[in-house]
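Q: Residue numbers (the numbering used here), protein chains in the order written: chain A, 90 to 263; chain B, 4 to 383; chain C, 45 to 482. Backbone N, C-alpha and C fix where the C-beta goes; we use that ideal spot for every residue, glycine too. Treat the numbers as computed from the prediction; the structure is a model and nothing was measured. Attaching a single structure in structure tokens format; questions to follow.
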């Protein structure tokens, strides 16, 4: 078993896990279970990043999505009374919206696969071609703070605004 | 609880809760309610809106038992009320009956009683300090406190054979004279003890976390304390200088010099300081008393069968927890017609509701600790 | 078959290390518990466990056996799958974190260039074990404990992370190995960033839910927090996760601030006699064990004591191996592991010392400490260390740069404390507190 083979098996494993997790998330009735499936799915995605050699993105995915956002999700779920929500039929009337969205997404995926098979316009990620950089944290930092400094700063200001907005809106007395 | 409505069942009332309120039960089997106390807490989040004490889990009918026992036979029962300060309980009862009989114990007995009672006060405060500290999360003081308490209990054991429920005194004086080496042992303990108190204080008094957990917690104003009939360190912590040892001296307290430590703010920290100072003062009394124990008889002229004249008497002493009073009615027979006990813990416990309102659940633990209650005494 | 062999060949050492960690860690955690009980006993003027084995040396094994054969209780109406799974998550997260830790230059499962980030990320997943366990138990106390625990861990993880950023800034790398190597020959970062170390010490105590921050399991308030409904082996697994986490944070602190596997005074030649310390240390312990052997009350106890002495002798021999010229190459690996574990033990000892000395915070006080003191200070600390780095690049000598940056950070810390005290001193009634909450 060569490392390349291992990484291929790992990819299939994580991909399958991600899909199962995603299906579980939307089909399970118990909200906490649904959150657990979502965590599984996110972790599997992180695993896929790892097979692509994107270690930094893997760590950030876990720190942010799994360790941060999902913990808050579960936190909120536990603070809210769920017994009522459990017995309600949810989003039944809007099923056609979801269906449309799913169709559109499926179309997009199909197009991507079709074009890439035809050797078309899509760029192949550098990592996949085997040009693995041992210093990808440094590269990440340089890219963020030199090449994409302006968008990065704009995004962070946006986040700050959102943060302050959230604080102001949730505070009872300002 | 304040907002209640009837449920249709006689005597059963249902509490009306606010939107974000929950009721939780603390006890009767909770590690830090110091026995079988049950407190129903109405919470808004973790903040206490209202509370109710449910007591009686340890009720044994001590007062009723007294009506069917002779005066001497009842004496061991009072040890089982405040079982961590049995000697003090016994002193109060013996002196009350002596007052009813119109006799007095001889001086030697009085001095020995004073020494043992003050040692008991120290041991009771030590147990309080250890458990109070462990409630607030400081693990270590308990073991230091128990180490010193053990010394005291050993003195008791050597004196009367029992450590906890001692039945140390008899009506009219003492049954046993002091054992050989009693003075030396007590003196050695007392000389050592003030350093030990320094040791506890080094762990807690200046500790920032301790101060944060106790300052401003469970404030009881002097007026409230008096209105509720609080006594002992709870009253003195609120700044009222009231100590029965000074106000109405009993035993041999008028012979010795000591001060009454008081607090200013009436919070948990002040009560802590007051008790620490009280231990030092008790130690001072012991040291003075041990120097000259007068010679003489240890038992007054009391008959084998006690038949007090018809009448009633109220006698109270300053027990470690506050004013411990005995109200005894005699109908001239060998058994009391009625005994009523004023237990300090029970009356101090009334202040709990006032003290914990608006605080957090974690503070309830600290406040129950600072009241220094013993459920055996609350329920009797 | 040949593919498998090749696989084993490629990954032989990482696999061996992984097996060693999984096998040894529970034992190690057990002995950390024994150490804690012994130290606690010593500080509290008593003896601690003395019955099982000489000086209680077999106590951890007895405890583990007892927990293994206890009845397995799952509360009624509990979510069985989650209840079963939650402790596993906790312990998995704790153990995964070891894969990137370098215990010595040789003993490391995987060298990752994001090592530290990986450890932080993986150990942050341990929260799920706690919160899901608390939820699945279907008990108020458990849920309250779990929520408290989560809130506390999230808050203090921020401070801990920022304190780590300071160290990473100095080393210029996230890889655990490179961080240690950056300290080689120079000063350990605890002397460059003392405030960062202090922040991490406090935050790591809070993160591992230990006193004085042990509110999630404050027995006087919440019985046992999220573990209330757990018993037997499941409980043991939680316990294992807790102590494994303790070892993880101690290892991180050792790597980042205490020079990892480096010997003290590595750069000073006349301090080289410290090389003899590892074997002599074990020799001394072995000597003590043999000295106590005939004094044991039972022959079997004497035997166990002698066995422990022999074990220590063996370790001493292993530590002396590098002095044999033929095996001189094993020195960094063996002695590195020794120094690393010694530092980890000292760090854990400080945890215990703090635990037995201080009372417990109240929850709002804990949060206030976290958000009003720890996080602002750790941000300032990162700034200060950044300035230090720049000053050093501008060819400033070490001391002026250190005094300037650390002094500045210290002033901010003092200002924060002073500010908090002023606020506390201001007359506040119970009503005020309620308003502050809203």
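Would you say residue 97 (chain A) lies against chain C (beta-carbon separation less than 8 angstroms)?
A: What you label residue 97 (chain A) is simply residue 8 of the first chain in a count that begins at 1. Residue 97 (chain A) does not count as touching chain C.
Q: Please go through the same chain and pick out, in chain order, the residues whose beta-carbon is closer than 7 angstroms to the beta-carbon of residue 352 (chain B), but skip the five residues on each side of it.
A: For the purposes of this step, residue 352 (chain B) is identified with residue 349 of the second chain, where counting begins at 1. Excluding sequence neighbours, residue 352 (chain B) sits near 56, 374, 376 and 381.
Q: Does the beta carbon of residue 251 (chain A) sit closer than 8 angstroms to a beta carbon anywhere in chain C?
A: Taking the first residue of the first chain as position 1, residue 251 (chain A) is located at position 162. With 8 angstroms as the cut-off, residue 251 (chain A) does not count as an interface residue toward chain C.
Q: Any idea what DSSP makes of residue 43 (chain B), helix, strand or coil?
A: Taking the first residue of the second chain as position 1, residue 43 (chain B) is located at position 40. Here residue 43 (chain B) sits in strand by DSSP.
Q: Terminal residues of the continuous alpha helix (DSSP H) containing residue 59 (chain C)?
A: For this step, residue 59 (chain C) is matched to residue 15 along the third chain. Start and end: 56 to 87.
Q: Return the residues of the segment 202 to 226 of chain B that lie within a Cβ-Cβ distance of less than 8 angstroms from chain C, sorted by chain order.
A: 206, 207, 210, 212, 213, 215, 216 and 219
Q: So within the segment 162 to 209 of chain B, which uninterrupted alpha helix (DSSP H) runs reach at least 4 residues, ignoring any that extend past its ends?
A: 185 to 207
Q: Kindly confirm or deny that the segment 196 to 216 of chain B and the segment 128 to 148 of chain B touch, where touching means at least three C-beta pairs closer than 8 angstroms.
A: yes
Q: Compare the beta carbon distance of residue 422 (chain C) and residue 156 (chain A) with 8 angstroms and say whether it is the shorter of the two.
A: The count along the third chain starts at 1 and reaches residue 422 (chain C) at position 378. The count along the first chain starts at 1 and reaches residue 156 (chain A) at position 67. Against a cut-off of 8 angstroms, the Cβ pair of residue 156 (chain A) and residue 422 (chain C) comes out as no contact.
Q: If you check the beta carbons only, do residue 337 (chain B) and residue 73 (chain B) fall under 8 angstroms apart?
A: Translated into positions along the second chain, residue 337 (chain B) becomes position 334. Translated into positions along the second chain, residue 73 (chain B) becomes position 70. Their beta carbons are under 8 angstroms apart, which means residue 337 (chain B) touches residue 73 (chain B) by this criterion.
Q: Identify each residue in the segment 158 to 171 of chain C for which the Cβ-Cβ distance to at least one residue of chain A is less than 8 angstroms, and report them in chain order.
A: Cβ contacts with chain A come from 158, 161, 162, 164, 165, 166, 168, 169 and 171.
Q: What does residue 179 (chain C) touch in chain A if you count any residue whose Cβ is under 7 angstroms from its own?
A: Against the third chain, residue 179 (chain C) aligns to sequence position 135. The CB of residue 179 (chain C) comes closer than 7 angstroms to the CB of 121 and 167 in chain A, given here in chain order.
Q: For residue 173 (chain C) and residue 192 (chain C), I'd like the C-alpha separation in whole angstroms.
A: The count along the third chain starts at 1 and reaches residue 173 (chain C) at position 129. The count along the third chain starts at 1 and reaches residue 192 (chain C) at position 148. Straight-line Cα distance between these residues: approximately 14 angstroms.
Q: Using the beta-carbon of each residue, which ones in chain A are nearer than 9 angstroms to residue 175 (chain C)?
A: If you number the third chain from 1, residue 175 (chain C) lands on position 131. Simply 160, 163, 164 and 167.
Q: Counting only Cβ pairs nearer than 7 angstroms, list the residues of chain B close to residue 88 (chain C).
A: On the third chain, residue 88 (chain C) is found 44 positions in, with the first residue counted as 1. Among the residues of chain B, those whose CB is under 7 angstroms from the CB of residue 88 (chain C) are 143 and 146, following chain order.
Q: Please name the residues in the segment 399 to 430 of chain C whose beta-carbon is closer than 8 angstroms to at least one beta-carbon of chain B, in chain order.
A: 399, 400, 401, 402, 403, 404, 405, 406, 407, 408 and 409
Q: Identify the residues that DSSP records as bridge partners of residue 327 (chain B): which are they?
A: Position 324 of the second chain, counting from 1, holds the residue named residue 327 (chain B). Looking at the DSSP assignment, residue 327 (chain B) forms a beta bridge with B:320.
Q: Looking only at DSSP bridge pairs, what is residue 339 (chain B) linked to?
A: Position 336 of the second chain, counting from 1, holds the residue named residue 339 (chain B). In DSSP, residue 339 (chain B) forms a bridge with B:333.
Q: Could you name the residues that DSSP lists as bridge partners for residue 146 (chain C)?
A: Locating residue 146 (chain C) in the third chain gives position 102, where the first residue counts as 1. Its beta-bridge partners are C:152.
Q: Just to confirm my understanding: we take residue 57 (chain C), look at its own chain, exclude 5 residues before and 5 after, and list those with CB closer than 8 angstroms. What are they?
A: In the third chain, the residue the question calls residue 57 (chain C) occupies position 13. There are no such residues.
Q: Which whole-angstrom value is the C-beta distance of residue 354 (chain C) and residue 337 (chain C), which I expect to be below 8 angstroms?
A: Residue numbering aside, residue 354 (chain C) sits at position 310 when the third chain is read from its first letter. Residue numbering aside, residue 337 (chain C) sits at position 293 when the third chain is read from its first letter. The Cβ separation is near 10 angstroms, so there is no contact.
Q: Please list the partners that residue 505 (chain C) has in chain B, where partner means a Cβ-to-Cβ separation under 8 angstroms.
A: This structure does not reach residue 505 (chain C), given that chain C is present from 45 up to 482, and the question cannot be answered.
Q: How far does the alpha helix (DSSP H) with residue 258 (chain A) in it extend, from its first residue to its last?
A: In the first chain, counting from the first residue as 1, residue 258 (chain A) sits at position 169. Segment 238 to 259, the alpha helix (DSSP H) holding residue 258 (chain A).
Q: Along the chain, where does the beta strand (DSSP E) containing residue 27 (chain B) start, and where does it finish?
A: For the purposes of this step, residue 27 (chain B) is taken as residue 24 along the second chain, with counting starting at 1. Per DSSP, residue 27 (chain B) belongs to the beta strand (DSSP E) from 24 to 29.
Q: Assuming residue 30 (chain B) and residue 45 (chain B) form a contact by the criterion Cβ under 8 angstroms, report the distance between their Cβ atoms to the nearest whole angstrom.
A: Here residue 30 (chain B) corresponds to residue number 27 of the second chain, with the count starting at 1. Here residue 45 (chain B) corresponds to residue number 42 of the second chain, with the count starting at 1. Rounded to whole angstroms, the Cβ separation of residue 30 (chain B) and residue 45 (chain B) is 15 angstroms, and the two are not in contact under 8 angstroms.
Q: Could you tell me the alpha carbon to alpha carbon distance between residue 238 (chain A) and residue 182 (chain C), rounded to whole angstroms?
A: Against the first chain, residue 238 (chain A) aligns to sequence position 149. Against the third chain, residue 182 (chain C) aligns to sequence position 138. Here the C-alpha atom of residue 238 (chain A) lies approximately 49 angstroms from the C-alpha atom of residue 182 (chain C).
Q: Can you list, in chain order, the stretches of the beta strand (DSSP E) that have 3 or more residues and sit fully within the segment 230 to 265 of chain B?
A: None, since the segment 230 to 265 of chain B contains no complete beta strand (DSSP E) of that length.
Q: For the alpha helix (DSSP H) containing residue 192 (chain C), list its first residue and its last residue.
A: Working through the third chain from its first residue, we reach residue 192 (chain C) at position 148. Note, residue 192 (chain C): alpha helix (DSSP H), 184 to 215.
Q: Nearest to residue 215 (chain C) by CA position, among C:385, C:395, C:237 and C:401, is which residue?
A: What you label residue 215 (chain C) is simply residue 171 of the third chain in a count that begins at 1. The shortest C-alpha separation from residue 215 (chain C) is found at C:237.
Q: Under the three-state reduction of DSSP, which class applies to residue 243 (chain C): helix, strand or coil?
A: Counting from one through the third chain, the residue named residue 243 (chain C) turns up at place 199. The answer is helix: DSSP assigns residue 243 (chain C) an H, G or I state.
Q: Classify residue 58 (chain B) as helix, strand or coil using the three-state DSSP reduction.
A: What you label residue 58 (chain B) is simply residue 55 of the second chain in a count that begins at 1. Residue 58 (chain B) falls in the coil class under three-state DSSP.
Q: Per the DSSP calculation, residue 347 (chain C) is bridged to which residue(s)?
A: If you number the third chain from 1, residue 347 (chain C) lands on position 303. Paired residue(s): none; residue 347 (chain C) is not in a bridge.
Q: Would you report the Cα separation of residue 218 (chain A) and residue 103 (chain A), rounded to the nearest angstrom?
A: Against the first chain, residue 218 (chain A) aligns to sequence position 129. Against the first chain, residue 103 (chain A) aligns to sequence position 14. With a pLDDT of only 43 at residue 218 (chain A), under the threshold of 50, the placement of this residue in the model should not be trusted; the figure read from the coordinates follows. Their Cα atoms are separated by approximately 20 angstroms.
Q: Taking a Cβ distance cut-off of 7 angstroms, strictly less, list which residues of the segment 192 to 204 of chain C are near chain A, in chain order.
A: Among the residues of the segment 192 to 204 of chain C, those with a Cβ less than 7 angstroms away from any Cβ of chain A are 194 and 198, in the order of the chain.
Q: Closer than 8 angstroms, CB to CB, is residue 228 (chain B) near chain C or not?
A: On the second chain, position 225 is the one that residue 228 (chain B) refers to. It does not: the Cβ of residue 228 (chain B) has no partner Cβ on chain C nearer than 8 angstroms.
Q: Can you find a CB in chain C that lies within less than 8 angstroms of the CB of residue 108 (chain A)?
A: Position 19 of the first chain holds residue 108 (chain A). Not an interface residue.
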